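Undergrad: What follows is a single structure, and I will ask about it in a moment.
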Amino acid sequence: MLEADNLECVRGERRLFAGLGFRLEAGELLYLQGRNGAGKTSLLRMLIGLLPPEAGEIRWKGQPIRSDEFRADLCYLGHLNAIKEELTPLENLLAAARLADEELSEDDAIDALEQVGLAGREDLACKYLSQGQKRRVALARLVKEKRPLWILDEPFVALDVAAVDWLAGIISGHLQRGGLAVMTTHQLVNIPAGTVRELRLG
Amino acid sequence: MLEADNLECVRGERRLFAGLGFRLEAGELLYLQGRNGAGKTSLLRMLIGLLPPEAGEIRWKGQPIRSDEFRADLCYLGHLNAIKEELTPLENLLAAARLADEELSEDDAIDALEQVGLAGREDLACKYLSQGQKRRVALARLVKEKRPLWILDEPFVALDVAAVDWLAGIISGHLQRGGLAVMTTHQLVNIPAGTVRELRLG
Amino acid sequence: MKDRFNLYRFASPATFYPLAGTLIPWFVALSVVFGLAGLWLGMLVAPTDFQQGEGYRIIFIHVPASWMSMFIYLIMAGWAAIGLAFNTRLSGMMAQALAPTGALMAFLSLWTGALWGKPMWGAWWVWDARLTSELILLFLYIGYMALTAAIDDAKRADKAGGLLLLVGVVNIPIIYFSVKWWNTLHQGSSVNLTKSSMAETMLWGMLLMAMCFWMYSIAIALMRVRTIMLERERHTDWVKAELLGKAGEGK
Amino acid sequence: MFKIISAVIGRDLKLAMRRQADIVSALFFFVIVVSLFPLGIGPEPDLLRKLAPGVLWVAALLATMLSLPRLFADDHRDGTLEQLALAPHPLGLVVTGKVIAHWLVSGLPLALIAPVLGIQFDLSADALVVLTFAILLGTPALSGIGAIGAALTLGLRGGGILLSLLVLPLYIPVLIFGAGAVDATVAGLGGEGHLSLLAALTFASLGFAPWASAAALKIALE
Amino acid sequence: MFKIISAVIGRDLKLAMRRQADIVSALFFFVIVVSLFPLGIGPEPDLLRKLAPGVLWVAALLATMLSLPRLFADDHRDGTLEQLALAPHPLGLVVTGKVIAHWLVSGLPLALIAPVLGIQFDLSADALVVLTFAILLGTPALSGIGAIGAALTLGLRGGGILLSLLVLPLYIPVLIFGAGAVDATVAGLGGEGHLSLLAALTFASLGFAPWASAAALKIALE
Amino acid sequence: MIHWNSFADFIAMGGYGFYVWGSFGLTALIMIVEPIVVVRNRKSTIARLKRQLRAETRNTAE
Ligand code: HEM
Ligand SMILES: Nc1ncnc2c1ncn2[C@@H]1O[C@H](COP(=O)(O)OP(=O)(O)OP(=O)(O)O)[C@@H](O)[C@H]1O
Ligand SMILES: Nc1ncnc2c1ncn2[C@@H]1O[C@H](COP(=O)(O)OP(=O)(O)OP(=O)(O)O)[C@@H](O)[C@H]1O
Ligand SMILES: [Mg+2]
Ligand SMILES: [Mg+2]
Chain A
1 MLEADNLECV RGERRLFAGL GFRLEAGELL YLQGRNGAGK TSLLRMLIGL
51 LPPEAGEIRW KGQPIRSDEF RADLCYLGHL NAIKEELTPL ENLLAAARLA
101 DEELSEDDAI DALEQVGLAG REDLACKYLS QGQKRRVALA RLVKEKRPLW
151 ILDEPFVALD VAAVDWLAGI ISGHLQRGGL AVMTTHQLVN IPAGTVRELR
201 LG
Chain B
1001 MLEADNLECV RGERRLFAGL GFRLEAGELL YLQGRNGAGK TSLLRMLIGL
1051 LPPEAGEIRW KGQPIRSDEF RADLCYLGHL NAIKEELTPL ENLLAAARLA
1101 DEELSEDDAI DALEQVGLAG REDLACKYLS QGQKRRVALA RLVKEKRPLW
1151 ILDEPFVALD VAAVDWLAGI ISGHLQRGGL AVMTTHQLVN IPAGTVRELR
1201 LG
Chain C
2001 MKDRFNLYRF ASPATFYPLA GTLIPWFVAL SVVFGLAGLW LGMLVAPTDF
2051 QQGEGYRIIF IHVPASWMSM FIYLIMAGWA AIGLAFNTRL SGMMAQALAP
2101 TGALMAFLSL WTGALWGKPM WGAWWVWDAR LTSELILLFL YIGYMALTAA
2151 IDDAKRADKA GGLLLLVGVV NIPIIYFSVK WWNTLHQGSS VNLTKSSMAE
2201 TMLWGMLLMA MCFWMYSIAI ALMRVRTIML ERERHTDWVK AELLGKAGEG
2251 K
Chain D
3001 MFKIISAVIG RDLKLAMRRQ ADIVSALFFF VIVVSLFPLG IGPEPDLLRK
3051 LAPGVLWVAA LLATMLSLPR LFADDHRDGT LEQLALAPHP LGLVVTGKVI
3101 AHWLVSGLPL ALIAPVLGIQ FDLSADALVV LTFAILLGTP ALSGIGAIGA
3151 ALTLGLRGGG ILLSLLVLPL YIPVLIFGAG AVDATVAGLG GEGHLSLLAA
3201 LTFASLGFAP WASAAALKIA LE
Chain E
4001 MFKIISAVIG RDLKLAMRRQ ADIVSALFFF VIVVSLFPLG IGPEPDLLRK
4051 LAPGVLWVAA LLATMLSLPR LFADDHRDGT LEQLALAPHP LGLVVTGKVI
4101 AHWLVSGLPL ALIAPVLGIQ FDLSADALVV LTFAILLGTP ALSGIGAIGA
4151 ALTLGLRGGG ILLSLLVLPL YIPVLIFGAG AVDATVAGLG GEGHLSLLAA
4201 LTFASLGFAP WASAAALKIA LE
Chain F
5001 MIHWNSFADF IAMGGYGFYV WGSFGLTALI MIVEPIVVVR NRKSTIARLK
5051 RQLRAETRNT AE
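Residue numbers (my numbering), protein chains in the order written: chain A, 1 to 202; chain B, 1001 to 1202; chain C, 2001 to 2251; chain D, 3001 to 3222; chain E, 4001 to 4222; chain F, 5001 to 5062.
Laid out in structure tokens, this is it:
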């Protein structure tokens, strides 16, 4: 489904990697590894089409990725949480869904927030949340997410132990439903289901 | 050396904790634990004197902490890296030392940067560094740090495995030299030396 | 097909670099020749203007500089369009190489205009349509340079700068006409460019000086673009060869 | 298409309401700048009447411009912009929505308060009407052109002031026709010509600006 | 004490140099705003000559103000401000250094370019000299007062425009004495009185502002 | 053929000397300084790039 061919990444004057390629099929997780600065984030941004690669090509279902169809299949979660500090967790979830052209009912959203352990904080503006709670709001998107391709940049950062386990479960469920995922993390996390393939940079 | 008595923390309308107290002596590490939103960051900001507690008192060497002497003994490292994106790692280190009224020679600074694995990147503006590399620049301060009290808020975030080990070593060394440290982290980290005391919030 | 191939070949820095290197001396020489001829005609031979006295001789700089400042912006916008359409690396470099010269030309136009205005109109500056447009043009140049300088990544700087140039070039006619209209609506002309019927020598002197400015601008832009090329392409083999081989001898 | 645009407008307006300060302060900036002039120049009514259209328009330009840096910056900093760029519809539509929301928050209030300020400068009733219309017609162009500048300077340090460098020269036609409309009315010539030119500028820039801005945003996200 | 102040100045100036755009753009903002007025008001030299002091001063106020939001914001966002507040010396000294650096980057250049703009408005040589002096004397007060506003609005959304709301009213005395000095010279009355009042304002605000700002910063950090 | 009677006349430019020579002078200055700056810039760039290149080749050789 997701193929990368002969990718090359140059940041500034540094060639981070070259000749990188992989294939990822339904139900598979690509676990990107590498030391700090190896180019993991850069690779992810290439895969979502925001950073044009210096050379090489990326295909989704056999088509180049610069298309609306690809983006309709993609769910990306970066370093940044993409939540508005002024809005409450609930408003954030609903607004994000509307802007991404997805259907999400209020009940579903409340349900998702409960799952990420934010019950009782739906109506508090996000600026008052702790580091980890903000991350949880961002992750709440994944609860109802049906899109097949998930790309997650260090999703476990700032989460406590319980939340890490919960998220690992969510990713497993996605893989079991035939989804694909690409993920980086420096923490040791056990994804219970699905085929995990590793790719080491640098 | 560092004592807290009967501390109470109220954020917004929520009482995060109350009646919290501890004593920390030379060579000891206080390892703060607790789920997301338990109030760890809030407690640390009380300990450094930026957030006035709702009730209770904090003393350093028997004196209340709102004094220049306390701050001369304190080294705090927060969520944020406190580095300037336009400056190079080297310039950042030197400027930080000058502003904190510390002596730091250029050689020492270069040496510290080499230790955190940024050799060869001393002259690259920090905005080009990866997430983990930026964190390493912030941590480079600790290499030459002689102040007795270290307060570290999630110092291991964004670090790769090698860097986590290195930092654990640095903290051990500090404790062995008779320093004190207060730290939070959600990752499992093994600090090889010194007395580790745990405090669980929430 | 063949044309396309050629376009891409010359737009590639590796071929353009040596080509520019051989062309520069010619443009410098032409510029000097035209300049000397123009000065000789304009300063030594041309007669006094019966309305403006000798002061009119500023025209031999003022008009070429004004023309160049406008042409250079158009040329930069042209390069920007090529760059955004075909994604050629050369275009951004050329635009960046031209900008400082364009800004200097705009500045010279203002400076000489001001020095001309004082004796002719009794004021260093009036808010006339032409003058105002030229000032705005200078701002546009500076905006372009500030923007590209603020972006560190060369490729991104080229794209953003190109976009700005195109937006600017769409706006220049609008700005020009709006300013013109604004001015004529307001006041009867206290400012009158009394166009004396020009003596033939004057005309020739002015044209020669304009040629001199053209050649100068081309030469200096080529010089600048060669440096930019080395800087940007330093990881390519041709630059390494250039640096290890003959670089340093020629300019 | 309209669904997306209205989703963006809805969200941005909600954010503006939540911040409160936003709407009120653009307005107060406008009021304060306009009121500074009599202080700097002196109180002669004749002089002030002559200045009024120019001063009001320059203040409107500056007030609009001041709110521009945050048009995309907040979304950029917190990662929302990435998500918008990854949504399965053209980014230009999103920008259109944001431009409209920006105008509703920063342009429209100016038009509503302008007559009051005009009275302070002793403008005639006719002139006040034309002034209001002119600001109503011209400010959307300011938001549109401004969006291009905001997108180009996104993420650059010193962006706010760089932005003004890029945008103010492009605002000049709006300023000239806007102030011209009022001036012409005061002089008894009728401001219709200027007003229709303003309308033309606004339409052109609203059609063109969102797509240019979207291209600039993609560059900023690379 | 001077060690700390000079360390802060040194760092801030280095940052300004690194960003390049900063210095140049505050200046060009000034130039552009000043040039907008004739476009809004019309080119009659007599009218413009009367306006010149007011317009130049209002533009100087705005240019200074535009660069204020970033006075502490960058340090706040990246955590440096916390570190500065935790350093073992009074925060007021740090702020003093930052205010001086701010003036060097944003006030001084205005004073240097002001005579050129004065020429565009056809001011006399005397008036030009007084104008330059007035701006030289007045801008430090703008930086000082501005620092208080910047500290108070730190970290608030919509801070930029809220800031202008707080600061502009406080700038009014500077505006009045500054423009007054030039006006008095043009009218042949001599501007010394105004200039000495300006100097007094500047001294007072430089002595007072850093400590008020430091207090405000501590609140923002809580 | 030459229009001027004396060199002093030429310098005086019929009373407009300041304005005419001010224009020509600054233009000449700019047209001399600009190429010098460009050439200098080029030389220092080449020197820097050479240094970097040498450092690079040394590193890879090791
Ligand atoms: C700062 C002041 C001035 C500026 C910015 C300025 C700008 C310009 C520009 C942009 C042009 C080229 C326009 C075109 O070819 O259509 C031009 C041409 C010219 N200017 Fe100026 N000018 C200034 C002052 C003056 C003064 C004071 C005079 C004479 C009294 C003057 C006389 C001319 C003449 C004769 C031309 C050539 C006209 C033509 O070829 O159509 N300019 N100027
Ligand atoms: N303009 C530039 N000049 C030089 N190097 C650059 C430039 N931009 C980025 N880099 C380098 O590219 C790398 C960025 O990599 P990236 O952010 O993808 O790392 P990462 O693998 O995600 O690291 P981390 O684990 O720390 O998040 C860094 O080594 C950085 O130094
Ligand atoms: N104004 C407020 N109103 C209500 N609750 C607030 C307010 N400000 C902060 N809080 C709450 O205070 C807590 C902040 O805690 P803090 O940031 O100290 O958590 P933490 O233990 O550091 O968490 P993490 O592990 O996620 O970093 C959160 O639960 C947050 O919801
Ligand atoms: Mg990363
Ligand atoms: Mg925390």
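Where is the CB? At the ideal position from N, CA and C, for every residue including glycine.
Everything numeric in this text was worked out from a predicted model, so none of it was measured.
1) So, is the C-beta of Gly4040 (chain E) closer than 8 Å to a C-beta in chain D?
2) Return helix, strand or coil for Ala4147 (chain E), following the three-state DSSP convention.
3) Less than 7 Å separating the Cβ of Tyr1031 (chain B) from some heavy atom of ligand 3?
4) Say yes only if the C-beta of Thr1041 (chain B) is nearer than 7 Å to one or more non-hydrogen atoms of ligand 5, and no if none qualify.
5) Are the C-beta atoms of Ala2123 (chain C) and some chain F residue less than 8 Å apart?
6) Here's the rule: buried if 16 or more other CB atoms are within 10 angstroms of the residue's CB, otherwise exposed. What is Ile4219 (chain E)?
7) Note down, in chain order, all residues in the region 4113-4142 of chain E with a beta-carbon under 7 Å from any beta-carbon belonging to chain C.
8) Got a sec, what are the start and stop residues for the beta strand (DSSP E) Cys1126 (chain B) sits in?
9) Would you check whether ligand 3 has a heavy atom nearer than 7 Å to the C-beta of Arg1011 (chain B)?
10) With hydrogens ignored, establish whether the beta-carbon of Ala158 (chain A) is closer than 7 Å to any heavy atom of ligand 3.
11) If you reduce the DSSP assignment to three classes, tell me which class Phe1017 (chain B) lands in.
12) List the whole-angstrom C-beta distance separating Asp3078 (chain D) from Lys146 (chain A), where the pair is believed to meet the contact cut-off of C-beta under 8 Å.
13) Where do the N-terminal and C-terminal ends of the alpha helix (DSSP H) with Arg98 (chain A) fall, by residue?
14) Among residues of its own chain, excluding the 5 on either side of Val2028 (chain C), which ones have a beta-carbon nearer than 6 Å to its beta-carbon?
15) Using C-beta distances below 6 Å, list every residue in its chain close to Leu3084 (chain D), excluding the 5 sequence neighbours before and after it, in chain order.
16) Verify the CB distance criterion: does Pro4173 (chain E) have a CB-CB separation below 8 Å to chain C?
17) Mind checking the region 4208-4222 of chain E against chain D and listing, in chain order, the residues whose C-beta falls within less than 9 Å of any C-beta there?
18) Measuring CA to CA, which of C:Pro2100, C:Phe2086, C:Glu2054 and C:Gly2053 is closest to Met5031 (chain F)?
19) Determine whether the beta carbon atoms of Ser2178 (chain C) and Phe3208 (chain D) lie at a separation below 8 Å.
20) Going along the chain, which unbroken runs of the beta strand (DSSP E) with 3 or more residues stay wholly within the region 1096-1182 of chain B?
21) Of the choices D:His3076, D:Val3174, D:Ser3025 and D:Ser3106, whose alpha-carbon is the least far from that of Leu3198 (chain D)?
22) Which residues, in chain order, does the region 1082-1102 of chain B contribute to contact with chain I at a C-beta distance below 8 Å?
23) Check whether the Cβ atoms of Val4114 (chain E) and Ile4148 (chain E) lie closer than 8 Å to each other.
24) Say the cut is 7 Å; is the CB of Ala112 (chain A) nearer than that to a heavy atom of ligand 2?
25) With a threshold of 6 Å on Cβ separation, who are the neighbours of Tyr2176 (chain C) within its own chain once the five nearest residues in sequence on each side are excluded?
26) On the three-state DSSP scale, how would you describe Arg1035 (chain B)?
27) Could you check whether the Cβ of Ser4067 (chain E) sits closer than 8 Å to any Cβ belonging to chain C?
28) Determine the burial state of Met1183 (chain B): buried for a count of at least 16 other Cβ atoms within 10 Å of its Cβ, exposed for fewer.
29) Please determine whether the Cβ atom of Asn92 (chain A) lies at a distance below 7 Å from any heavy atom of ligand 3.
30) Within 10 Å of its beta-carbon, does Thr5057 (chain F) have 16 or more other beta-carbons around it, so buried, or fewer, so exposed?
31) Which whole-angstrom value describes the C-beta separation of Leu3081 (chain D) and Leu3217 (chain D), a residue pair presumed to lie in contact below a C-beta threshold of 8 Å?
32) Following the continuous alpha helix (DSSP H) through Ile2136 (chain C), name the residue where it begins and the one where it ends.
33) Enumerate in chain order the residues of its own chain whose CB-to-CB distance from Arg2226 (chain C) is below 7 Å, with the five nearest sequence positions on each side excluded.
34) By alpha-carbon positions, which one of E:Pro4038, E:Asp4074, E:Val4186 and E:Ile4161 ends up nearest to Ala4016 (chain E)?
35) Can you give me the start and stop residues for the alpha helix (DSSP H) that Val10 (chain A) sits inside?
36) Report the rounded CA-to-CA distance for Thr4202 (chain E) versus Ile4145 (chain E), giving the unit in angstroms.
TA: This is what the structure gives:
1) yes
2) helix
3) no
4) yes
5) no
6) exposed
7) Ile4119, Gln4120 and Asp4122
8) Taken as a continuous stretch (DSSP letters only), Cys1126 (chain B) belongs to no beta strand (DSSP E), as it is neither H nor E.
9) yes
10) yes
11) strand
12) In fact, because the Cβ distance is near 25 Å, the residues do not count as touching under 8 Å.
13) Pro89 to Leu99
14) Ala2219
15) Val3094
16) no
17) none
18) C:Pro2100
19) no
20) 1149-1153
21) D:Val3174
22) The structure shown contains no chain I; the protein chains it does contain are A, B, C, D, E and F.
23) Here residue 4114 (chain E) is Ala; the residue named in the question, Val, does not match the sequence. Result no, Cβ atoms of Ala4114 (chain E) and Ile4148 (chain E) do not sit closer than 8 Å.
24) no
25) Ser2133
26) coil
27) no
28) buried
29) no
30) exposed
31) 7 Å
32) Ala2129 to Ala2150
33) Tyr2017, Ala2020 and Gly2021
34) E:Asp4074
35) Val10 (chain A) -> not in any alpha helix (DSSP H); beta strand (DSSP E) instead, spanning Leu2 to Arg11.
36) 9 Å
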